[in-house]
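Residue numbers are given in our numbering: position 23 of the sequence shown equals residue 380, and the series is strictly consecutive.
Positions of the beta carbon are idealized from the N, C-alpha and C atoms, including for glycine.
Written below as structure tokens is the structure these notes are about.
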Amino acid sequence: MNLISIRDLTKVQIKEIYQLVPKYTTRKKTDDLKDKYIGLIFEKPSTRTRISFEVGIYQLGGVAIELDEKQLQLSRGETIKDTANIFNCYLDGIILRVIKHETILEFAKYLKIPVINALSDKEHPCQVLSDIYTIMQHKNIGLDELNKIKFVYIGDANNVCMSLIYISEMLGMNSYFVIPKKYQPKQKFKDNIRITDDISSVKDADIIYTDVWTSMGQEKEKKKRIKIFKPYQVNSKLLSLAKSDCIVMHCLPANRGEEITDDVLDGKNSVVLKQAENRLYVQKALLVYLFSQK
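Structure follows, in structure tokens:
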């Protein structure tokens, strides 16, 4: 079983993964992944995703093998097909962070081992799987109660945003995605997903979520994006429109003073550190779940 898109999971499967999480919230080592060798290829920089996966694999008794693409024959023109077939001989799973989503899809065509998307230009499924768990934890609600809260994402329609839209659709969440018109996704979504450029949509929000305005690979657009997205900054004035117990989320890294101000990121409503911590626990549960599937 693979996790390439968050849509690869059903609501039932997400619930089953979350039921495993409490078992894996300590540093205690287990043998769930004993004798499992899992490769990691990261074409983009990573802090939280890489460390949480490597630590998680070790805590589960497995072996994480970092595969530097520049040190593989891929860098000299060997095909993904041939590389994947070799991985099938040596590895029990592969975790990929790629520049182009198509790279993961191409690997998945030939791999007979679990494939996990650790971020692509299209999606970030592991991030949002942990995010929803964090929301449930802080709002003290179950998966079936997520439709009772108001979720508001503010920012760019990037990979994290798209995965949040997909999981919100699946779980029936009452979700608003506040994005400048020029940058809004073009596809149609279910009725519980509202795409708007109206910043007043944050009124009475239970959750405000933001992310960087300029993703990796878009650096040349940075000045232009800052100018367009400036009215969408998450600051104390905007937060005052939400409920008093609204939680503020950010997948990190953050550009302080751009999409979010210091006082909000470090303030009492912020759960960003717990959000990051939960990456380890939820991904451990995910690994155990994926490797238990036939």
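Could you spell out the range, first to last residue, of the beta strand (DSSP E) harbouring residue i?
i: residue 532; result: 531-535
i: residue 440; result: First-last for residue 440: 437-447, but that is the alpha helix (DSSP H), not the beta strand (DSSP E).
i: residue 373; result: It is not in any beta strand (DSSP E) - residue 373 instead sits in the alpha helix (DSSP H) that spans 368-377.
Going by C-alpha to C-alpha distance, which of the options sits closest to residue i?
i: residue 556; options: 608, 572, 537; result: 537
i: residue 421; options: 581, 631, 392, 401; result: 392
i: residue 440; options: 575, 620, 385, 396; result: 396
i: residue 633; options: 404, 580, 384; result: 404
i: residue 615; options: 594, 582, 606, 428; result: 582
i: residue 621; options: 594, 389, 383; result: 594
i: residue 586; options: 385, 576, 554, 607; result: 554
Any beta-carbon of chain D closer than 8 Å to the one on residue i?
i: residue 367; result: Going by chain labels, chain D is absent from the structure shown, which holds only one protein chain.
Name the two residues that bound the continuous alpha helix (DSSP H) containing residue i.
i: residue 465; result: 458-467
i: residue 406; result: 405-416
i: residue 607; result: First-last for residue 607: 604-607, but that is the beta strand (DSSP E), not the alpha helix (DSSP H).
i: residue 496; result: 482-496
i: residue 576; result: That residue, residue 576, is in no alpha helix (DSSP H); it is neither H nor E in DSSP.
i: residue 648; result: 629-649
i: residue 569; result: Looking at the DSSP string, residue 569 is not in any alpha helix (DSSP H), and its letter there is neither H nor E.
Enumerate in chain order the residues of its own chain whose CB-to-CB distance from residue i is below 7 Å, with the five nearest sequence positions on each side excluded.
i: residue 381; result: 638, 641, 642
i: residue 588; result: 556
i: residue 626; result: 596, 603, 604, 605
i: residue 469; result: 445
State the CB to CB distance for the pair residue i and residue j, rounded to an integer number of angstroms; the pair is presumed to be in contact (CB under 8 Å).
i: residue 472; j: residue 486; result: Residue 472 to residue 486, Cβ: 15 Å. No contact.
i: residue 609; j: residue 629; result: 6 Å
i: residue 491; j: residue 631; result: 6 Å
i: residue 648; j: residue 418; result: Actually they do not touch by this definition, with Cβ atoms about 11 Å apart.
i: residue 509; j: residue 559; result: 5 Å
Under 8 Å Cβ to Cβ from residue i, same chain only, skipping five residues before and after it: list those, please.
i: residue 465; result: 359, 361, 472
i: residue 363; result: 480, 482, 485, 486, 520, 523, 524, 527
i: residue 645; result: 377, 381, 389, 390, 417
Is it a yes or a no for the region 458-467 touching the region 406-423, going by three-plus beta-carbon pairs under 8 Å?
no
Any contact of the region 465-482 with the region 417-435, i.e. 3+ C-beta pairs under 8 Å?
no
Three-pair Cβ contact test at 8 Å for the region 560-570 versus the region 588-599
yes
Just checking, does the region 396-410 make contact with the region 633-640 on the three C-beta pairs under 8 Å criterion?
yes
Check whether the region 509-519 and the region 566-576 touch, using three or more Cβ-Cβ pairs below 8 Å as the test.
The region 509-519 is in contact with the region 566-576.
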